[in-house]
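To start, the structure under review is shown below, and the notes come after it.
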Amino acid sequence: MLKNIIKYSALLGAFLFCAPLKAQFTQSSYSAFGIGDINWGGYSNNAGMGGFGISYNNRFYVNNLNPALIASNYDAVFQIEASFDSRTYNNGDKSYSSFTGGFKDFGFSLPIKYGKWNMALGLSPYTSVSYGILQSTTGPDNTTLLSQLDGNGGIDEAFMTHALRLGDFMIGLKTSYLFGSIERDTEFLLTGIPAITFSSTIYNERRSFSDVTANIGVAYKLKFNEKQSLNFGAFYNLETNIRSRNLTRLESQDINGNVLSSDTLKNNIDTNISIPQRIGFGISYEKSQRFAVGIDIQTQAWSQYLNESGQTSSEFGDAFRIAVGGELLPNYEVSKAGPRITYRFGVHYERTPYLVNSQEVNDFGINFGTSLPLSGIWGVSNVNLGATFGNRGNVTDGLIRENYLKLSIGFSLQDQTWFARQKYN
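Structure, rendered in structure tokens:
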């Protein structure tokens, strides 16, 4: 038991070391809207299948898509990962590129009552904001107004899940604490007038968020025989009112960067935003955890999103995501670590919540992944890779076209010895 305590203390210590290093794992011009880019859930093993995983979970991994599927982890499972994003942008006239990455999330599942009751803890991104946009407008007398829009931050989700198994039926409840901050700067620079007394005006907004939410999930395994089953899963994420504290400042600077004036427009004003409910359901076919294929659908009524003023916005519409994917494990024997490689594949289509000039912003991607076993490490250990080649937006609709490559790299560990009874001579 002492050995196991040391072991998992080391894993927890590794997480605590990594957590402060959390970086923006994606950069998108569309994260300028609302509270940023939405994370639909899943770890690197799910990413390789297009995000599929509401009805199916391999017991070697943690599932944060459907709380009920935590009950499928008979043993202790630890998972941690980083994500990297390479992206090019094209507005029809110019193109540029970006690269971001860093620690993304972690999860830890363990049995409370073996085969009946499991719990899980974890930290995942809920939204992400990372963008830099430069706009230029030419006025009379060769004057030019430059607008630089920058944003960073996001909302994180620290969660605890409890799940029960009742025969072939599973039910789970995930409670989450949402927290984080988003900072946006808008700088206006007027050029072409030599006698002007200031060079720029900067509008700075910082919003801090904190509140709780809950997600209820169910899953059912319809067995055809001992090896084959048809799996069903669904979840309901409650509508959430999040507390928001706002600090807004306006500052003018001269051409040398000296502050001419500074005004605080809002000083820690408390408001609320309303995030609409999210619903997901899926169905999959599974054969002895050697092969699985399925489809997931998630919807979220972002047209009902309420900002700090309690108003809906024409910039948001209802979001929809569909994922089709699967995995293949040709050799299931754990003792033969070399050939025990899992291969994953998938596609996804997403109608994002953003409306730009009344145009929908759609996202499509092709996904691949694999899990490579590690020998000589505690329990069943894998390095998990997930890659997505995708695009978002369309230049012909007057939008920014984003082509991206997302790469998720993670480590997972399943250990059967955590609750094993020790024998002594």
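As numbered in mature numbering (1 follows the signal peptide of the UniProt record, and there is no 0), residues -23 to -1, 1 to 402 make up the sequence shown, in order. From the three backbone atoms N, C-alpha and C, an ideal C-beta is built for every residue, glycine too. Every value quoted in this text rests on a predicted model; they were computed, and no experiment measured them.
Considering only the beta carbon of each residue, do residue i and residue j sit closer than 8 Å?
{"i": "F258", "j": "I31", "result": "yes"}
{"i": "R378", "j": "G367", "result": "no"}
{"i": "D62", "j": "Y103", "result": "no"}
{"i": "L84", "j": "S60", "result": "Note that residue 84 is Gly in the sequence shown here, rather than Leu. Contact flag unset, no."}
{"i": "L237", "j": "L167", "result": "no"}
{"i": "T347", "j": "R321", "result": "yes"}
{"i": "M26", "j": "G302", "result": "yes"}
{"i": "I159", "j": "G131", "result": "yes"}
{"i": "I386", "j": "P350", "result": "no"}
{"i": "N223", "j": "E182", "result": "yes"}
{"i": "S221", "j": "E285", "result": "yes"}
{"i": "T329", "j": "N339", "result": "yes"}
{"i": "F293", "j": "Y282", "result": "yes"}
{"i": "N34", "j": "N40", "result": "yes"}
{"i": "K151", "j": "N192", "result": "yes"}
{"i": "Q230", "j": "S291", "result": "no"}
{"i": "Q4", "j": "S101", "result": "no"}
{"i": "Y91", "j": "D145", "result": "no"}
{"i": "S22", "j": "G363", "result": "The residue you asked about is not Ser; residue 22 is Asn in the sequence shown. Their beta carbons are under 8 Å apart, which means N22 touches G363 by this criterion."}
{"i": "K243", "j": "T225", "result": "yes"}
{"i": "R142", "j": "K93", "result": "yes"}
{"i": "A48", "j": "M137", "result": "no"}
{"i": "L87", "j": "A53", "result": "yes"}
{"i": "N43", "j": "N95", "result": "no"}
{"i": "T276", "j": "I256", "result": "yes"}
{"i": "Y262", "j": "F10", "result": "no"}
Could you spell out where the beta strand (DSSP E) holding residue i opens and where it closes?
{"i": "residue 410", "result": "Within the shown structure, residues of the chain are numbered from -23 to 402, placing residue 410 beyond reach of any answer."}
{"i": "E216", "result": "First-last for E216: undefined, no H or E at that position."}
{"i": "Q281", "result": "From DSSP, Q281 is part of no beta strand (DSSP E); its letter is neither H nor E."}
{"i": "R321", "result": "T319 to V333"}
{"i": "I377", "result": "Segment: none, I377 is in no beta strand (DSSP E) and carries neither H nor E."}
{"i": "E263", "result": "R255 to K264"}
{"i": "V189", "result": "S177 to K200"}
{"i": "K90", "result": "S72 to K90"}
{"i": "S105", "result": "W94 to T115"}
{"i": "S239", "result": "V236 to I252"}
{"i": "G346", "result": "Q336 to L351"}
{"i": "Y66", "result": "A53 to N67"}
{"i": "V360", "result": "V357 to R369"}
Does residue i pass the burial test, meaning 16 or more other C-beta atoms within 10 Å, or should it be called exposed?
{"i": "L390", "result": "buried"}
{"i": "G323", "result": "buried"}
{"i": "E203", "result": "exposed"}
{"i": "A172", "result": "With a pLDDT of only 49 at A172, under 50, the local geometry of the prediction cannot be trusted, and the value read off the model is given with reservation. When all chains shown are included, A172 counts as exposed."}
{"i": "I250", "result": "buried"}
{"i": "K383", "result": "buried"}
{"i": "K81", "result": "buried"}
{"i": "I12", "result": "buried"}
{"i": "T373", "result": "exposed"}
{"i": "N334", "result": "exposed"}
{"i": "Q205", "result": "exposed"}
{"i": "Q112", "result": "exposed"}
{"i": "L376", "result": "buried"}
{"i": "K313", "result": "With a pLDDT of 49 at K313, under the threshold of 50, the predicted position of this residue should be treated as unreliable, and no value is reported."}
{"i": "N402", "result": "Annotation note: pLDDT 48 at N402 (below 50); position unreliable, coordinate value reported separately. Classification of N402: exposed, given that the 10 Å Cβ count is below 16."}
{"i": "I89", "result": "exposed"}
{"i": "I57", "result": "buried"}
{"i": "D392", "result": "buried"}
{"i": "N233", "result": "exposed"}
{"i": "Y73", "result": "exposed"}
{"i": "F76", "result": "exposed"}
{"i": "N235", "result": "exposed"}
To the nearest whole angstrom, what separates the beta carbons of residue i and residue j, a pair I think is in contact under 8 Å?
{"i": "Y20", "j": "Y7", "result": "Actually they do not touch by this definition, with Cβ atoms about 23 Å apart."}
{"i": "D247", "j": "I219", "result": "So it is not a contact: roughly 11 Å between Cβ atoms."}
{"i": "L215", "j": "Q254", "result": "6 Å"}
{"i": "A135", "j": "A45", "result": "Between A45 and A135 the Cβ distance is about 20 Å, and since that is not below 8 Å, they are no contact."}
{"i": "I274", "j": "I299", "result": "5 Å"}
{"i": "T115", "j": "N380", "result": "Not a contact, Cβ separation roughly 29 Å."}
{"i": "R127", "j": "D162", "result": "One point to set straight first is that residue 127 is Asp, not Arg, in the sequence displayed. Yes, they are in contact, since the Cβ atoms of D127 and D162 sit about 5 Å apart, within 8 Å."}
Can you tell me which residues form a DSSP beta bridge with residue i?
{"i": "M26", "result": "Paired residues: none, contrary to the question."}
{"i": "G11", "result": "None, per the DSSP bridge assignment."}
{"i": "P44", "result": "Answer is none; P44 lacks a bridge partner."}
{"i": "residue 405", "result": "In the structure as shown, the chain starts at -23 and stops at 402, and residue 405 therefore has no counterpart that could be examined."}
{"i": "I272", "result": "I260 and V301"}
{"i": "K151", "result": "T138 and N192"}
{"i": "D392", "result": "A53"}
{"i": "T225", "result": "E182 and K243"}
{"i": "S124", "result": "Q112 and F165"}
{"i": "Q288", "result": "Q288 is not bridged to any residue."}
{"i": "G157", "result": "I132 and F186"}
{"i": "Q230", "result": "S177 and V236"}
State yes or no: is the C-beta of residue i nearer than 7 Å to some heavy atom of the ligand PLP?
{"i": "Q112", "result": "With respect to the ligand PLP, the structure offers nothing, as it holds no ligand at all."}
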